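Numbered according to the UniProt record's numbering, the sequence shown spans residues 1 to 176. Working notes for the structure below.
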Amino acid sequence: MATKTDTSSATHTSHPAFIPSPAFATQMQRLLVDLTELSLQGKQLHWNVVGKNFRDMHLVLDEVVDAARDFTDEVAERMRALYILPDGRTGTVAEDTSLAPLPSTEVDTATAADLAAAALYATSKTAREIHDDIDAEDPTTADLLHAIITRLEQLAWFIDAENRVANQSEPAQLTV
1 MATKTDTSSA THTSHPAFIP SPAFATQMQR LLVDLTELSL QGKQLHWNVV
51 GKNFRDMHLV LDEVVDAARD FTDEVAERMR ALYILPDGRT GTVAEDTSLA
101 PLPSTEVDTA TAADLAAAAL YATSKTAREI HDDIDAEDPT TADLLHAIIT
151 RLEQLAWFID AENRVANQSE PAQLTV
């Protein structure tokens, strides 16, 4: 008869192939916070947008929320795969986000477009700011950042185009 071994008191040791630095963990947490805030801001705007092109703005804001939520989960799960504890608690997000706050009132579609584009670009900026350090430590995680940057900037472009004036509106830093 086989004897059952009790492993509940045994110490388990993992042997991951990569152990991130504390700075790496901090940078990933920054991105997690901004992605979490982006999803919340997208819903806040989605619920309170009014005006011309309401339906289009309402629907594209759902795309923002879906992308932000998916990326939040991917970032948090990547952090856990690397034995980093993600912190998505509301207090942490409110305290640490780099995104500007939103009004608590109804928002006209043009204003909503500007606010959503600004939040998307701010989140993309966070991903860009941490990219090189993340890439230097772990190119695999940097690949995740590439996907995040690509999609967020695409959504920002779609939404920002709502208020552009053909052949007149250009990014402030654009010089040709």
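Heads up, the beta-carbon is just placed ideally off N, CA and C, and yes, glycines get one too. Note that the structure is predicted; figures quoted are calculated from it, not measured.
- Between residue 28 and residue 109, the C-beta gap is not smaller than 8 Å, which leaves the two residues out of contact.
- Bridge partners of residue 50 according to DSSP: 108.
- Rounded to whole angstroms, residue 31 and residue 114 show a C-alpha spacing of 21 Å.
- The straight-line gap separating the alpha-carbon atoms of residue 157 and residue 117 is approximately 7 Å.
- Across the structure, residue 132 and residue 64 are spaced so that their CA atoms are roughly 25 Å apart.
- Straight through space, the alpha carbons of residue 99 and residue 55 are spaced by roughly 25 Å.
- In the same chain as residue 112, and ignoring 5 residues on each side of it, the C-beta atoms closer than 6 Å to its own belong to 45, 49, 57, in chain order.
- By the CB criterion at 8 Å, residue 137 and residue 20 fall inside the cutoff.
- With a cutoff of 8 Å on beta-carbon distance, residue 39 and residue 68 are scored as near each other.
- Taking 8 Å as the cut-off, the beta carbon of residue 140 is found no closer than this to the beta carbon of residue 34.
- The C-alpha of residue 124 lies about 44 Å from the C-alpha of residue 10.
- Within the model, the alpha-carbon separation for residue 106 versus residue 134 is close to 39 Å.
- Taking C-beta atoms as the reference points, residue 42 and residue 59 fail to come closer than 8 Å.
- Rounded to whole angstroms, the Cβ separation of residue 88 and residue 13 is 28 Å, and the two are not in contact under 8 Å.
- Around the beta carbon of residue 164, a 10 Å sphere encloses fewer than 16 other beta carbons of the protein chains shown; the residue is thus reported as exposed.
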